[in-house]
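Protein chains in written order, with the numbering used here: chain A, 25 to 256; chain B, 25 to 256.
C-beta: ideal position from N, C-alpha, C; glycine also.
Following: one structure in structure tokens, then a few remarks.
There are 2 protein chains.
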Amino acid sequence: MATEPVPLDRRQRRRLETIEEVLDVAIEVMAEQGVAGLSVGEVARRMGIRPPSLYVYFPSKHALYDALFERGARLLVTQVRTKTADLASRDASMEEILLDAARVFVRWTIEHPAYSQLLFWRPVPGFEPSPSAYAPATELVTLSSERFAAMRDRGLLRTDVSLDVVQRDWTVLIAGVVSQQLANAPDEDFERGRFVAALPAMVAMFARYYGAGPTSVPRRRATRERSRRSDR
Amino acid sequence: MATEPVPLDRRQRRRLETIEEVLDVAIEVMAEQGVAGLSVGEVARRMGIRPPSLYVYFPSKHALYDALFERGARLLVTQVRTKTADLASRDASMEEILLDAARVFVRWTIEHPAYSQLLFWRPVPGFEPSPSAYAPATELVTLSSERFAAMRDRGLLRTDVSLDVVQRDWTVLIAGVVSQQLANAPDEDFERGRFVAALPAMVAMFARYYGAGPTSVPRRRATRERSRRSDR
DNA sequence: GTCTATATGACGATAGAC
DNA sequence: GTCTATCGTCATATAGAC
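Next up, the structure:
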């Protein structure tokens, strides 16, 4: 008798589809106009609807940014989970594991510059992601930290440095490559990127510095800071 | 007899002072509202004048950004020239020289986040610095390259890698520290910055990798890229 | 050089009819 | 859920009097 057994779900699904479309178009606009150049009116225009209609799905522009932030982080997490090779099973070197992970990560950021700017820079004055939107971004750090913990368990990592420090320095390295590429040569793709090309060397110096074993760390010298008069 | 021997210069000087004030206030606004949040009206408001008056000094908002870009680069160049210790005279190590230079550079960026975002990121959709505004920024690269060239001459640098590559990787490293600090912990100053604290280690791994001598590069292994199925 | 006045338009967001 | 209409605000930029 009921021709539509779940009419509510149908409507909800339609709603979700529209939301996805809004996000797709928003990313498109951001890629062209810059992250801060996103405008509700422009999104509506491209979707063929009027600006007020968007407010049915997003109560404010900030909410739109928030959803974009969360979706970006989710997409990147998925990419890292999916595309990173499971090198733990084989006896891969630290350098192999890290270069693989770095390539997957950096590739995504270069192919999704709009998301990356939103995720890794601070281009929107008033905007800070909500805790729920930030959650998947935290997962990225967790993933990376677990990888380092696993490497330490396998004896690939120096044991005289905390995992937090290793993790921090690793993010600095990756952020440097991404930042330089997106800021100075945003039109180059992953294969041609001049700063992406620095990845192997960066990973090599990192692995040589933080890797365990006598060959990788020949002379363990303290790297504490010195006070120097010249630096103000 | 002539009480004002150079009245034209006086007027010109007054004009230059006003321009300087505009730039000061503009930086102030950018620091609070974000680089993209700069508005001509807000600058005028804080100066106690009307927006049209600003157009006497800057024909457009882009021209204002351009002047800010140039001034930022000039300030940074001056800082690097002035504050960097002349370690070439003494027989300083590569690590000492680089850590000193890095600290001077990074300190300035942390203490001038608005300039830094304008200089090193791309926060303003339509804006690209004019060639003349870009000139002092180029000088920064030249300065750094000359430093590496000097180190090579003194036998501190590996000779099997081009200076361009060394220079590129160095910028990646510094950009990583600055980018992470400004994006993730913009409220921390230079001394307390958690990513600034990564500098000694980053410099150490760089020096160990690119420094000359048998102790710094124990096992010269090729770091060519491998094609791997997992990376898309 | 500074002002008033204004052109011109975009923006985010809301009210209320359908 | 979508629309028209509109509010209120802000923006960049220009014209022309003083």
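Point to revise | Glu119 (chain A) versus Arg176 (chain B) - alpha carbon distance | key: Indexing the first sequence from 1 puts residue 119 (chain A) at position 95. Indexing the second sequence from 1 puts residue 176 (chain B) at position 152. Each residue's Cα considered, the two are about 27 Å apart.
Problem set entry | Rounded C-alpha distance that separates Gly235 (chain B) from Glu56 (chain A) | Along the second sequence, read from residue 1 onward, the residue named residue 235 (chain B) stands at position 211. Along the first sequence, read from residue 1 onward, the residue named residue 56 (chain A) stands at position 32. Straight-line Cα distance between these residues: approximately 42 Å.
Note to self: Just to confirm the assignment, what range does the alpha helix (DSSP H) spanning Ile73 (chain B) have?
What the structure shows: Taking the first residue of the second sequence as position 1, residue 73 (chain B) is located at position 49. Careful: Ile73 (chain B) lies outside any alpha helix (DSSP H) and carries neither H nor E.
Would you give the residue range spanned by the alpha helix (DSSP H) that Ser169 (chain B) belongs to? Start at 1 with the first residue of the second sequence, and residue 169 (chain B) comes out as number 145. It spans Pro155 to Asp177 - the alpha helix (DSSP H) in which Ser169 (chain B) sits, taken as one unbroken run.
**OP:** Starting from the beta carbon of Phe230 (chain B), find every residue of chain A whose beta carbon is closer than 7 Å, and list them in chain order.
**Re:** Numbered from 1 along the second sequence, position 206 holds the residue referred to as residue 230 (chain B). Those within 7 Å of Phe230 (chain B) in chain A are Met229.
Notebook entry, point to check: Which of the three DSSP states, helix, strand or coil, is assigned to Leu187 (chain A)?
Noted result: Stepping through the first sequence from its first residue, residue 187 (chain A) is reached at position 163. In the structure shown, Leu187 (chain A) sits in a helix (DSSP, three-state: H, G or I).
Check: Can you name, in chain order, every residue of its own chain whose Cβ lies under 8 Å from the Cβ of Thr183 (chain A), other than the five neighbours on each side?
Finding: Numbered from 1 along the first sequence, position 159 holds the residue referred to as residue 183 (chain A). Result list for Thr183 (chain A): Arg176 and Ala236, in chain order.
- prompt: In the DSSP assignment, what residue or residues form a beta bridge with Gly16 (chain B)?
  reply: This structure leaves residue 16 (chain B) out entirely; chain B is present only between 25 and 256.
* Compute the Euclidean distance between the alpha carbons of Ala207 (chain A) and Arg35 (chain A), then round it to the nearest angstrom. => Residue numbering aside, residue 207 (chain A) sits at position 183 when the first sequence is read from its first letter. Residue numbering aside, residue 35 (chain A) sits at position 11 when the first sequence is read from its first letter. Roughly 42 Å between the two C-alpha positions.
Next on the checklist: Any beta carbon of chain B sitting closer than 8 Å to that of Gln57 (chain A)?
Outcome noted: Along the first sequence, read from residue 1 onward, the residue named residue 57 (chain A) stands at position 33. Chain B, which has a Cβ nearer than 8 Å to the Cβ of Gln57 (chain A), makes this yes.
Please report the Cβ distance between Met226 (chain B) and Val201 (chain B), rounded to the nearest whole angstrom; I am assuming they are in contact, meaning their Cβ atoms lie under 8 Å. Indexing the second sequence from 1 puts residue 226 (chain B) at position 202. Indexing the second sequence from 1 puts residue 201 (chain B) at position 177. Sure, about 6 Å apart at Cβ, within 8 Å.
Work out the CA separation of Leu187 (chain A) and Val64 (chain B) for me, nearest whole Å. For the purposes of this step, residue 64 (chain B) is taken as the residue at position 40 of the second sequence. For the purposes of this step, residue 187 (chain A) is taken as the residue at position 163 of the first sequence. Roughly 47 Å separates the two Cα atoms.
### Limits of the unbroken alpha helix (DSSP H) element including Tyr89 (chain A)
Locating residue 89 (chain A) in the first sequence gives position 65, counting from the first residue. Looking at the DSSP string, the run of the alpha helix (DSSP H) that includes Tyr89 (chain A) is Lys85 to Lys107.
Review point. Are Ala199 (chain A) and Pro160 (chain A) closer than 8 Å when you measure CB to CB?
Key: What you label residue 199 (chain A) is simply residue 175 of the first sequence in a count that begins at 1. What you label residue 160 (chain A) is simply residue 136 of the first sequence in a count that begins at 1. No, they are not a contact pair.
Worksheet item: With contact counted as at least three CB pairs below 8 Å, one residue from each stretch, are the stretch 140-150 of chain A and the stretch 68-76 of chain A in contact?
Response: no
Would you say Tyr233 (chain A) faces chain B, with C-beta separation under 8 Å as the test? Here residue 233 (chain A) corresponds to residue number 209 of the first sequence, with the count starting at 1. Chain B, which has a Cβ nearer than 8 Å to the Cβ of Tyr233 (chain A), makes this yes.
Check your understanding: So what's Gln36 (chain B) in DSSP terms, helix, strand or just coil?
Key -> Taking the first residue of the second sequence as position 1, residue 36 (chain B) is located at position 12. Gln36 (chain B): helix per DSSP, three-state reduction.
Give me, in chain order, the residues of the same chain whose beta-carbon lies closer than 6 Å to that of Thr133 (chain A); leave out the 5 immediate sequence neighbours on both sides.
As a first step, residue 133 (chain A) must be located in the first sequence, where it is residue number 109. Around Thr133 (chain A): Ser140 and Val202.
Q. Just by C-beta distance, which residues in the stretch 131-154 of chain B are closer than 9 Å to chain A?
A. Arg131, Gln141, Phe144, Trp145, Arg146, Pro147, Val148, Pro149 and Gly150
Cβ neighbours of Phe93 (chain A) in the same chain (closer than 7 Å, five flanking residues each side left out):
Taking the first residue of the first sequence as 1, we reach residue 93 (chain A) at position 69. Excluding positions up to five away in sequence, the list reads Leu142, Leu143, Pro153 and Ala157.
**Report entry** Sub-8 Å separation of Phe230 (chain B) and Leu164 (chain B) beta-carbons
**Finding:** If you number the second sequence from 1, residue 230 (chain B) lands on position 206. If you number the second sequence from 1, residue 164 (chain B) lands on position 140. Not a contact, by the Cβ cut-off of 8 Å.
Exercise. Would a C-beta distance cut-off of 8 Å place Thr108 (chain A) and Asp124 (chain A) closer than the cut-off?
Worked result: On the first sequence, residue 108 (chain A) is found 84 positions in, with the first residue counted as 1. On the first sequence, residue 124 (chain A) is found 100 positions in, with the first residue counted as 1. Closer than 8 Å, so yes.
Tell me which residue opens and which closes the alpha helix (DSSP H) that Phe219 (chain B) is part of. Start at 1 with the first residue of the second sequence, and residue 219 (chain B) comes out as number 195. Here Phe219 (chain B) belongs to no alpha helix (DSSP H), and DSSP marks it neither H nor E.
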